[in-house]
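The working numbering puts the last residue of the sequence shown at 205; the count rises by one with no breaks. Glycine residues also receive a C-beta, built at the ideal position from the N, C-alpha and C atoms. First the structure, in the form of structure tokens, and then the observations on it.
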Amino acid sequence: MPYNPAMAGKKSTSFNPYTVIAFSVLTGLAGAALILLLTRPPRGRAIELQPAPTPGPILVYVSGAVAEPGTYRLDYGSRVEDAVAAAGGALESANLDAVNLAHELDDGDQVHIPEAGSAAAVFPININNATQAQLEQLPGIGPSTARAIIDYREANGPFGEPQDIQNVPGIGPSTYEAIADYITTGN
19 MPYNPAMAGK
29 KSTSFNPYTV
39 IAFSVLTGLA
49 GAALILLLTR
59 PPRGRAIELQ
69 PAPTPGPILV
79 YVSGAVAEPG
89 TYRLDYGSRV
99 EDAVAAAGGA
109 LESANLDAVN
119 LAHELDDGDQ
129 VHIPEAGSAA
139 AVFPININNA
149 TQAQLEQLPG
159 IGPSTARAII
169 DYREANGPFG
179 EPQDIQNVPG
189 IGPSTYEAIA
199 DYITTGN
């Protein structure tokens, strides 16, 4: 820069370009940090895990030789014995040896208590030649479902495997699961 007498005794006000760039970068970073701090979502409380919900009551149909046949709401985990008690208990004519009183019930199950005069089933029951009375002694199998099993068997031939009973209308996976240990096809 040439000497200017008017500027004598005064300091030069020119800036170094690197200083201007460094100042601009630092100002931009400080501004970005301030924006980030102000717009960051607030920190909440830690997530608390709750215990799994307890299953609600189940609905069970109790029929046969009980004081008050009907539909009953029972606690989850109830047994056939609890269903019989809810239905006012077994009649004197009931054949309680024909049912598993300790069997755990599922929602939608049917508990049928046969009369003492009816033939007691010997488990496992061969579903390819069982009578209606024997089929009715299976957990969750009532008169109409037993008849449907026989009708299906007569129309389609013998069941190849026990799980084939699920082809009968009205017998789904939960019913099959309840009777699986009590049935065979003789194969």
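C-alpha gap between residue i and residue j, whole angstroms
i, j, result
"N12", "G158", "In the structure as shown, the chain begins at 19 and stops at 205. Residue 12 is therefore absent and cannot be evaluated."
"V186", "A70", "35 Å"
"F177", "A196", "18 Å"
"G188", "E172", "17 Å"
"N118", "D169", "26 Å"
"P59", "L52", "14 Å"
"P191", "R165", "19 Å"
"V43", "E66", "43 Å"
"L54", "A48", "10 Å"
"P35", "F41", "10 Å"
"T57", "T37", "30 Å"
"I143", "A151", "11 Å"
"A50", "G62", "24 Å"
Residues bridged to residue i [DSSP beta-bridge criterion]
i, result
"Y212", "The requested residue 212 is not part of the displayed model; the chain covers only 19 to 205."
"I143", "I201"
"R97", "E122"
"E195", "Looking at the DSSP assignment, E195 forms no beta bridge with any residue, so it has no partner."
"E133", "A112"
Other residues of its chain near residue i: CB distance less than 6 Å, five sequence neighbours each side excluded
i, result
"S96", "L123"
"Q184", "Y194"
"K156", "In the sequence as displayed, the identity of residue 156 is Leu instead of Lys. Here the set comprises I197 and Y200."
"Q128", "Y79, G158 and G160"
Assumed close pair residue i, residue j - CB separation to whole angstroms, cut-off 8 Å
i, j, result
"A105", "P87", "6 Å"
"A134", "S162", "Not quite, the Cβ-Cβ distance comes to about 22 Å (not below 8 Å), so this is no contact."
"V98", "H121", "5 Å"
"H130", "G175", "H130 to G175, Cβ: 27 Å. No contact."
Other residues of its chain near residue i: CB distance less than 7 Å, five sequence neighbours each side excluded
i, result
"L92", "P75, I76, V78, D100, A101, A104 and L123"
"Y90", "V78, V80, A101, A104 and A105"
Reduced DSSP category for residue i - H, G, I as helix; E, B as strand; rest coil
i, result
"A112", "strand"
"E172", "helix"
"V84", "strand"
"I167", "helix"
"L156", "coil"
"L67", "coil"
"V43", "helix"
"G34", "First, the residue type needs correcting, since residue 34 is Asn and not Gly in the sequence shown. Residue state, collapsed to three classes: coil."
"P60", "coil"
"G49", "helix"
"V186", "coil"
"V102", "helix"
"A151", "helix"
"A73", "The sequence given here places Pro at residue 73; Ala does not occur at that position. P73: coil per DSSP, three-state reduction."
Same chain, Cβ closer than 8 Å to residue i, neighbours up to 5 away in sequence not counted
i, result
"Y94", "T72, P73, G74, P75 and I76"
"I145", "L153, I167, R171, F177, P180, I183, I201, T202 and T203"
"G107", "V84 and A85"
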